[in-house]
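Be aware that the sequence shown starts at 30, since it is given in my numbering, and climbs by one per residue. Note that CB positions come from ideal geometry on N, CA and C, so glycine has one too. Just so you know, these numbers come straight off a predicted model, no measurement behind them. In what follows, a structure is listed as structure tokens, so that the remarks can point back to it.
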Amino acid sequence: MNDRELLDGRRFVIVNTADGESAPENATEFLTREAGGVVWGTYRGGEVTHGRFVGTRVEREVELSYAHRLADGELAAGHSRTRIELLPDGRLRLVGESGETEESPAAGPDGEPGEDAAEGAGEAPEGGSEPEKSLVGVVEEVR
Numbered sequence: 030m031n032d033r034e035l036l037d038g039r040r041f042v043i044v045n046t047a048d049g050e051s052a053p054e055n056a057t058e059f060l061t062r063e064a065g066g067v068v069w070g071t072y073r074g075g076e077v078t079h080g081r082f083v084g085t086r087v088e089r090e091v092e093l094s095y096a097h098r099l100a101d102g103e104l105a106a107g108h109s110r111t112r113i114e115l116l117p118d119g120r121l122r123l124v125g126e127s128g129e130t131e132e133s134p135a136a137g138p139d140g141e142p143g144e145d146a147a148e149g150a151g152e153a154p155e156g157g158s159e160p161e162k163s164l165v166g167v168v169e170e171v172r
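Listed below in structure tokens is the structure:
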């Protein structure tokens, strides 16, 4: 795998919600692209009808901004810092803390505030302890 484009062409879906429940049948799906350390993509599903994100990746850390429209017409935007983890089966998991912008309340790409997690494939990140965060959902790579 080309680590320079680790997230390019990958698809992720939310598999657990913030409260640990199984994801809804219409789970949010993320399509990612990456080139030269720039990460961007789209997402939709659940309450999100249209979502976009753009950011940068340095090693196993991704920092991005996102905006989306919910089914009720509300718009939300925010910022996320994400770390990339390798799962035992080779897929990637992305775990990030979402935050609010001045324009909207804190809401992750699934419409909930707190931490986002995504799973997919790649090399293992460096170990280390992480501060406790509130989980918004778990997202895993779909092959």
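If the criterion is Cβ atoms closer than 8 angstroms, does the pair residue i and residue j meet it?
i: glycine 38; j: threonine 57; result: no
i: glutamate 170; j: arginine 120; result: yes
i: valine 91; j: glycine 84; result: yes
i: valine 168; j: leucine 123; result: yes
Roughly how many angstroms separate the alpha carbons of residue i and residue j, rounded to a whole number?
i: arginine 86; j: valine 68; result: 7 angstroms
i: arginine 89; j: arginine 98; result: 28 angstroms
i: arginine 81; j: arginine 33; result: 22 angstroms
i: glutamate 54; j: threonine 78; result: 15 angstroms
i: alanine 135; j: alanine 96; result: Since pLDDT at alanine 135 reaches only 44, below the 50 mark, its modelled position is unreliable, and no value is offered.
i: leucine 36; j: alanine 100; result: 28 angstroms
i: serine 158; j: leucine 93; result: Interpretation of serine 158 is limited by its pLDDT of 37, a score under 50 that renders its predicted location unreliable; the figure taken from the coordinates is listed afterwards. Spanning the two alpha carbons is a distance of roughly 22 angstroms.
i: glutamate 114; j: threonine 61; result: 16 angstroms
i: aspartate 118; j: glycine 107; result: 31 angstroms
Going by beta carbon distance, what residues of the same chain come within less than 6 angstroms of residue i, once the five residues before and after it are set aside?
i: tyrosine 72; result: Thr57, Phe59, Gly80, Pro138
i: threonine 111; result: Val91, Leu123, Gly125
i: arginine 40; result: Leu60, Val171
Please determine, among the options, the residue with the shortest C-alpha to C-alpha distance to residue i.
i: serine 109; options: Val42, Thr61, Arg40, Glu126; result: Glu126
i: alanine 105; options: Val42, Glu76, Ile43, Arg40; result: Glu76
Which same chain residues end up closer than 7 angstroms to residue i when comparing Cβ atoms and leaving out the 5 residues on each side of it in sequence?
i: glycine 70; result: Phe59, Leu60, Thr61, Arg62, Phe82
Spatial neighbours of residue i within its chain, please: C-beta separation below 8 angstroms, excluding the five flanking residues on both sides.
i: glycine 65; result: Arg33
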